[in-house]
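What follows is one structure encoded as structure tokens, with my remarks underneath.
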Amino acid sequence: MFKIGEFSRITQVSIRMLRYYDEQGLLNPSLVDKSNGYRLYTADQIEMLNRIVLLRNLGFGVKEMKNMLASWNSEMMLTNLLKQIEKTQENIKIEQNRLMQMQGYLIDLHNQDKKLNIEIIMKQIPMQHVISLRRIMPSYYQEGMLWKELTESVEDIESIASNSSFSIYHDLDYREQDVDIEVCVVTEKELKYIGSDLIYRQVDAVPMAACFMIYGPYSNISIAYKEFAFWLEKHPEYRMAGENRQICHVSMCHTTNSEEYITELQIPLKYNEK
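Shown next as structure tokens:
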């Protein structure tokens, strides 16, 4: 038998964790010497300890570990491991979104006193035929993934009008997650088959939209929205009506310098009822 310190050196598990596993009922000493209180372990317990360390490193809780150790077999381990992978992937998505929100807030702090002096122009947006890809995305930051998938799918289609593409944001409020985004490229003629996830459709005309250019990185978009809000307050005859659109005239596809980006926002409006 081994004293707890000896067992710790052999298994490379700290005394603190061996005591913790004992307290939690995961691995009790083989014997406790009544005369001096020494915890004594045997070599037969090393395999059980290795399983405990493995499950702990994989992120399982004490209750889960007890259940798994009580009925240890390959099938049970596979089932629980697949569930743990799914849970971990979801946690990664949550933490990635949290990280992007932190980074966005840092940018907002840097830009909080910045002004763009946007010039708002009223436009009529014509009806357009498009090939589009629409999905619920974890956040606005994942829009680029949609564009990559769409452009790879349509690159061989000759009817695509060059440089005619835009995004539609179907949520009528701002979403921190689960954002409904549709990316579209304009086509000159109807296409019968374009792929399982893509659709050919008509995007309705917008009789009146407030349109303005944003120059520089995408972090300027939130500043532009703020300036638009002040403009809208000064023009009470208008109210927002419909889904916002965004056109990237110059984007990361054209330049590596974000200061050279040119983005157009199109916000449908209607007259307030008197």
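With full-length UniProt numbering applied, the sequence shown closes on residue 274, and no number is skipped along the way. Glycine included, C-beta positions come from ideal geometry on N, C-alpha and C.
> Under the three-state reduction of DSSP, which class applies to residue 89: helix, strand or coil?
Replying inline: helix
> Should residue 98 be labelled buried (16 or more other beta-carbon atoms within 10 Å of its own) or exposed?
Replying inline: exposed
> Counting pairs of Cβ atoms below 8 Å between the segment 87–101 and the segment 179–190, do you hit three or more?
Replying inline: no
> Can the beta-carbon of residue 53 be found less than 8 Å from the beta-carbon of residue 24?
Replying inline: no
> Based on Cα-Cα distance, which residue from 273, 216, 93 and 105 lies nearest to residue 237?
Replying inline: 273
> When we look at the beta-carbon of residue 85 and count the other beta-carbons within 10 Å, is it buried (16 or more) or exposed?
Replying inline: exposed
> Buried or exposed: which applies to residue 29, given that a residue is buried once 16 or more other Cβ atoms fall within 10 Å of its Cβ?
Replying inline: buried
>> For a test of the three-state rule: what should DSSP assign to residue 13, helix, strand or coil?
In response: coil
> Which partner residues does residue 212 have in the DSSP bridge list?
Replying inline: 265
> Can you check whether the CB of residue 209 is closer than 8 Å to the CB of residue 269?
Replying inline: yes
>> Using a 10 Å radius around the Cβ and a threshold of 16 neighbouring Cβ atoms, would you call residue 73 buried or exposed?
In response: exposed
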